[in-house]
Amino acid sequence: MRGWPVTTFSRRELLITTIAGLLDGCGHVAVGAASPVPAAGALLARELGGGRPRVSLLGGLRDNPFTDGSRELFDCAAQGRVDAFFLGGAQIDGEGNVNLLGLGPYPALTRRFAGCFGAPFMATVVQRLILFREDHDPRCLVERVDFVTAAGGRPCHLLTGMALFRFDAGRFVLESLHPGASLDELRSRTGFAFAVTEPCTTTSLPSPGTLALLRGPVRAALAEVYPRAAATLGPS
Amino acid sequence: MRGWPVTTFSRRELLITTIAGLLDGCGHVAVGAASPVPAAGALLARELGGGRPRVSLLGGLRDNPFTDGSRELFDCAAQGRVDAFFLGGAQIDGEGNVNLLGLGPYPALTRRFAGCFGAPFMATVVQRLILFREDHDPRCLVERVDFVTAAGGRPCHLLTGMALFRFDAGRFVLESLHPGASLDELRSRTGFAFAVTEPCTTTSLPSPGTLALLRGPVRAALAEVYPRAAATLGPS
Amino acid sequence: MSGAQRGTARAAPTVAAATLAQRIPDGALLALAPDYSGCALAVVRELIRRPARGLRLLGVPQLGLQADLLIGAGCVAEVETAALSLGEHGLAPAFLRAATAGTIVIRDSTCPAIHAGLTAAERGVPFLPLCGVLGSDLVRWRKDWRVIDDPFPPGRPILLVPALRPDVALFHVERIDAAGNAWVGVRRELMTMAHAARTTLVSAEAASAENLLADATLAAGTLPGLYVTATAVVPHGAAPTGCGKLYPRDDAVYARYAERAATAGGFARFLDAWLAGDDVLAA
Amino acid sequence: MSGAQRGTARAAPTVAAATLAQRIPDGALLALAPDYSGCALAVVRELIRRPARGLRLLGVPQLGLQADLLIGAGCVAEVETAALSLGEHGLAPAFLRAATAGTIVIRDSTCPAIHAGLTAAERGVPFLPLCGVLGSDLVRWRKDWRVIDDPFPPGRPILLVPALRPDVALFHVERIDAAGNAWVGVRRELMTMAHAARTTLVSAEAASAENLLADATLAAGTLPGLYVTATAVVPHGAAPTGCGKLYPRDDAVYARYAERAATAGGFARFLDAWLAGDDVLAA
Numbered sequence: 001m002r003g004w005p006v007t008t009f010s011r012r013e014l015l016i017t018t019i020a021g022l023l024d025g026c027g028h029v030a031v032g033a034a035s036p037v038p039a040a041g042a043l044l045a046r047e048l049g050g051g052r053p054r055v056s057l058l059g060g061l062r063d064n065p066f067t068d069g070s071r072e073l074f075d076c077a078a079q080g081r082v083d084a085f086f087l088g089g090a091q092i093d094g095e096g097n098v099n100l101l102g103l104g105p106y107p108a109l110t111r112r113f114a115g116c117f118g119a120p121f122m123a124t125v126v127q128r129l130i131l132f133r134e135d136h137d138p139r140c141l142v143e144r145v146d147f148v149t150a151a152g153g154r155p156c157h158l159l160t161g162m163a164l165f166r167f168d169a170g171r172f173v174l175e176s177l178h179p180g181a182s183l184d185e186l187r188s189r190t191g192f193a194f195a196v197t198e199p200c201t202t203t204s205l206p207s208p209g210t211l212a213l214l215r216g217p218v219r220a221a222l223a224e225v226y227p228r229a230a231a232t233l234g235p236s
Numbered sequence: 001m002r003g004w005p006v007t008t009f010s011r012r013e014l015l016i017t018t019i020a021g022l023l024d025g026c027g028h029v030a031v032g033a034a035s036p037v038p039a040a041g042a043l044l045a046r047e048l049g050g051g052r053p054r055v056s057l058l059g060g061l062r063d064n065p066f067t068d069g070s071r072e073l074f075d076c077a078a079q080g081r082v083d084a085f086f087l088g089g090a091q092i093d094g095e096g097n098v099n100l101l102g103l104g105p106y107p108a109l110t111r112r113f114a115g116c117f118g119a120p121f122m123a124t125v126v127q128r129l130i131l132f133r134e135d136h137d138p139r140c141l142v143e144r145v146d147f148v149t150a151a152g153g154r155p156c157h158l159l160t161g162m163a164l165f166r167f168d169a170g171r172f173v174l175e176s177l178h179p180g181a182s183l184d185e186l187r188s189r190t191g192f193a194f195a196v197t198e199p200c201t202t203t204s205l206p207s208p209g210t211l212a213l214l215r216g217p218v219r220a221a222l223a224e225v226y227p228r229a230a231a232t233l234g235p236s
Numbered sequence: 001m002s003g004a005q006r007g008t009a010r011a012a013p014t015v016a017a018a019t020l021a022q023r024i025p026d027g028a029l030l031a032l033a034p035d036y037s038g039c040a041l042a043v044v045r046e047l048i049r050r051p052a053r054g055l056r057l058l059g060v061p062q063l064g065l066q067a068d069l070l071i072g073a074g075c076v077a078e079v080e081t082a083a084l085s086l087g088e089h090g091l092a093p094a095f096l097r098a099a100t101a102g103t104i105v106i107r108d109s110t111c112p113a114i115h116a117g118l119t120a121a122e123r124g125v126p127f128l129p130l131c132g133v134l135g136s137d138l139v140r141w142r143k144d145w146r147v148i149d150d151p152f153p154p155g156r157p158i159l160l161v162p163a164l165r166p167d168v169a170l171f172h173v174e175r176i177d178a179a180g181n182a183w184v185g186v187r188r189e190l191m192t193m194a195h196a197a198r199t200t201l202v203s204a205e206a207a208s209a210e211n212l213l214a215d216a217t218l219a220a221g222t223l224p225g226l227y228v229t230a231t232a233v234v235p236h237g238a239a240p241t242g243c244g245k246l247y248p249r250d251d252a253v254y255a256r257y258a259e260r261a262a263t264a265g266g267f268a269r270f271l272d273a274w275l276a277g278d279d280v281l282a283a
Numbered sequence: 001m002s003g004a005q006r007g008t009a010r011a012a013p014t015v016a017a018a019t020l021a022q023r024i025p026d027g028a029l030l031a032l033a034p035d036y037s038g039c040a041l042a043v044v045r046e047l048i049r050r051p052a053r054g055l056r057l058l059g060v061p062q063l064g065l066q067a068d069l070l071i072g073a074g075c076v077a078e079v080e081t082a083a084l085s086l087g088e089h090g091l092a093p094a095f096l097r098a099a100t101a102g103t104i105v106i107r108d109s110t111c112p113a114i115h116a117g118l119t120a121a122e123r124g125v126p127f128l129p130l131c132g133v134l135g136s137d138l139v140r141w142r143k144d145w146r147v148i149d150d151p152f153p154p155g156r157p158i159l160l161v162p163a164l165r166p167d168v169a170l171f172h173v174e175r176i177d178a179a180g181n182a183w184v185g186v187r188r189e190l191m192t193m194a195h196a197a198r199t200t201l202v203s204a205e206a207a208s209a210e211n212l213l214a215d216a217t218l219a220a221g222t223l224p225g226l227y228v229t230a231t232a233v234v235p236h237g238a239a240p241t242g243c244g245k246l247y248p249r250d251d252a253v254y255a256r257y258a259e260r261a262a263t264a265g266g267f268a269r270f271l272d273a274w275l276a277g278d279d280v281l282a283a
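Chains as they are written, first to last, in the working numbering: chain A, 1 to 236; chain B, 1 to 236; chain C, 1 to 283; chain D, 1 to 283.
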């Protein structure tokens, strides 16, 4: 691990670093199950912040602080005690709506997924909502979702493997492009219209110090819940 | 204890036996704090029923089954899981209303007591409500309470040191007079009008077997929560 | 565990599990735990053996393998849940087949709405308000939910979800005792299920000789027997889901299930093997 | 405990208790436990020493000695509670004097209404429905409560109580740890208070070297540090109320208080003695 060049990093490490940046100033970040990259981002933010934010990894043992049953996460969020939360989505549209449920007209979906989980609630009560998809797929980033699992319209960020957007005043605005992607390519791979403020900035790259934290303590903490994801950290 | 004549009993033992009779068929009886006679009645009913009803003594350790905080008794009652509950009252009126709060016009009471506790709720949700006062005081048994802590109007029983009534169709009906009391005396000491079905019956006396249970296992169980009250059991 | 021990251990639990299963009538609204928390798989197996019919499953707040097995075996008429999947092992194949075929009614929900509905039942009220959620299409489609203007200032719209009162709550714990007390630990959703349900059935790894309420530390995580209709000791009764720190989920079985159940025929063969006994699943 | 030990034990806790008391601003809505469950009397003493002013006490769901002391000492402007008394030791003399004099506002309530209000705050909703209670004069007098027709069939009238969100929840427990986790056991109302409150202050008999959440059995009765603003180790910090199985309520002190506080002058003398130190109470 020590031998890795600190100027080389994987796309995943860039995403994790970007997520950590979005969590700046948060007091408590909760991360749902099956979310290794957001979990790593939250853990990195905690390292960078010297122990703050508090990180609650659902499904984790050491970092899951809840003792009042599975409703406690939701109550905690409703109390305003969860500053940031992540959602993925089979579809995300230009209004910031998220669809986790299925494709096609409801209820006779052409394709059904697991369900809505707590997304309809969490999206409406947490302060800082971060939509995250590792791939940047035009079939996912659509003009209008088939089913609104969680309503958009509130300020949030959308981070994909290609770019970072913020949702503001009713539309997504490109905040930065990841290295190697072009604006034309981004437009062609995004199903919804978004605003751009010229000149187009590039997503900040992880510093050597950040990468060291990521490959050291963050990797170790992540491995307790996501051993396979932790093993992939390092330059690609 | 063994030496007590089983044909002699105290007024308190008669009341306990009467309470046990009122609990016949119950599955779960809850008894509030500072209620030794109802507690003894519930424990006697459990002995007579071979372990049924279940008895929850609030404030007790062994017979308090609740593990979800002090709201659980109320939730449990609201779920229909508490078949019988007891209320005292600074005032009880002819409509079955109970006043625990204070005397005089509210809010500038001329005399204030501890408060309403859970009475407004319990009186309206338990199946079998038993109003109990050991003394039979006309200042307590009034035409109209000064403050309705718990609303009457529902079927219930009222047991005092002098008589047993049932509330039915909007008024109290005398069910039985305890030995030694006369109907005239009862009327003079009761501030509300009540119905009487002639001939007037006498409250059933405890059988030798019942007294043996009362002075044996019931006394022992009661002593865990109410040592002083348990010590008074026996012929007066 | 040796084969002989395993065989011995299996016979008794099957009978014990069946005593619980027979208390679940066809058509019951049956509340079940998510795969990560106390699933009574041995009882579910007895339900399928019977076979139960017309069950209405309620996920508290989501469902996994046990629900997919019941659905694939034809025991289920309706499902209300916030999600139904095999977690890391992917979507739930029998559920998706039934959804496509239209053989089950699906009442899509969200975790906090199910918790709120159960809490309403727990508290004996007809509904509970729930913050957020408005704007989700769930609110449009759930005709049994209501949106009212908050009667308190400033009077914003708020969602009300009706009480969910299961006919039966079924789950598996590490320890019960002779008084029917069941230790659930931090899995308080199991306690809420039991408070809300008319009948609660609990299978357990083991019976404690001591009353669980007698020890203040244990009592804090114990569901009182007051709410428990019947219990049964069923060692390994949660497998292949996990049971606390006693044993983890059996990922090999999950993976095999996910693979086989991808087709109706494969599901049927897996089910036959599962009903016949654990060992066959290794084949 | 010898006199020397007692003296030594008292100095440090007084400082520790004061660090919590200083986080309770004048005028705060302060949620307190009933006398049978985790009262932080040492912190209350520091509030009186300050002296705090204009506190609004919320009984969860009732109050006892600690509230009577605060009221008698002039620290309190309002009280919302289901009851306020000394239990077996009779009515609360300072409370009754203040009620008669009209120097405090009393918001009479009932236990389940307070639990419902705190649960509403815990769940982030503006109100919670409560079954029963209708017909009680409380409903006529509590102008902040509402009765609506249930929006669900059959549409009967139902009481709604607004959320109760304390500024501060203050209580005493047996054990805390370095992460701010606090073991409350079956006293879940303390957990609800903390969930509902903006600030939670916990005094404790002792600090555990181990993280309370690391052990599954302890975790079941533990309030996570997530909700805890500050803690302080204050041995004997609940006395003269009791603390779990560690020590019982000191009935001699209660009896003496009930007798002395029957007059305003007697209360003042008792209070002076209590502020000066435990030992004097024995005089």
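Note that CB positions come from ideal geometry on N, CA and C, so glycine has one too.
- Chain order gives the chain C residues near C131(D) as R123, G124, V125 and P126, where near means a beta carbon separation below 9 Å.
- Runs of the alpha helix (DSSP H) lying entirely within the segment 171-229 of chain A, each at least 4 residues long, are 183-188, 208-213 and 219-225 in chain order.
- The Cβ-Cβ distance between A67(D) and L47(D) does not fall below 9 Å.
- When 7 Å is used as the limit between beta carbons, R188(C) is near these residues of chain A: D68 and G69, in chain order.
- By the criterion of a C-beta distance shorter than 7 Å, E143(B) is surrounded in its chain by D93, G94, G191 and F192, once the five residues flanking it on both sides are discounted.
- A straight-line Cα-Cα distance of about 37 Å links V202(D) and L134(C).
- Relative to S207(B), the option among R133(B), G27(B) and L48(B) whose CA is nearest is L48(B).
- Collapsing the DSSP output to three states places H157(B) in a strand.
- Taking the CA atoms as reference points, L190(C) sits about 12 Å from V168(C).
- As for any alpha helix (DSSP H) of minimum length 4 sitting wholly inside the segment 28-109 of chain B, the runs are 36-48 and 72-78, ordered along the chain.
- Residues P157, I158 and L160 of the same chain have their beta carbon placed closer than 8 Å to that of I148(D), with the five preceding and five following residues left out of the count.
- Judged by DSSP secondary structure, L129(A) falls within the beta strand (DSSP E) whose first and last residues are R128 to R133.
- Non-local C-beta neighbours of T110(B) in its own chain, meaning closer than 8 Å and more than five positions away in sequence, comprise G102, L103 and G104, ordered along the chain.
- Under the Cβ distance rule, P224(D) does not count among the residues neighbouring chain B, no pair being separated by less than 9 Å.
- Listed in chain order, the non-local C-beta contacts of L164(A) below 7 Å within the same chain comprise T18, H157, E175, S176 and T203, local neighbours out to five positions each way being set aside.
- In summary, W145(D) is buried, with 16 or more beta-carbon neighbours lying within 10 Å of its beta-carbon over all protein chains present.
- In this structure, the beta-carbon distance from R50(C) to G27(C) does not fall below 9 Å.
- Relative to the Cα of P65(B), the nearest Cα in the group K245(C), G74(C), D250(C) and A214(C) belongs to A214(C).
- Between A204(D) and V173(D), the beta carbon gap of about 5 Å places them in contact (Cβ cut-off 8 Å).
- In terms of CA proximity to L128(D), A113(D) leads the group G266(D), L138(D) and A113(D).
- With fewer than 16 neighbouring CB atoms inside 10 Å of its own CB, E198(B) falls in the exposed class.
- Taking C-beta separations shorter than 8 Å and ignoring five residues to either side along the sequence, the partners of D68(B) in its chain run D75, following chain order.
- In terms of CA proximity to F171(D), G244(D) leads the group L218(D), G244(D) and I106(D).
- Here E122(C) really is in contact with A196(C); their C-beta atoms are around 5 Å apart, less than 8 Å.
- Annotation for A16(C): A232, V233 and V234 place their beta carbon closer than 7 Å to its own, counting only its chain and skipping 5 residues before and after.
- Put simply, the backbone Cα of P224(C) is about 15 Å away from that of G27(B).
- Remark: fewer than three beta-carbon pairs, one from each stretch, lie closer than 8 Å, so the segment 216-227 of chain A and the segment 107-124 of chain A are not flagged as touching.
- Put simply, the backbone Cα of R171(A) is about 10 Å away from that of R154(A).
- When DSSP states are grouped into helix, strand and coil, I71(D) belongs to the helix group.
- For W183(D), the beta-bridge partners assigned by DSSP are R175(D) and T222(D).
- Around V105(C), the same chain offers E78 as residues with beta carbons nearer than 6 Å, after the five sequence neighbours per side are excluded.
- Inclusion of R128(A) and L22(A) in the CB contact set at 9 Å is warranted, their separation being smaller than that value.
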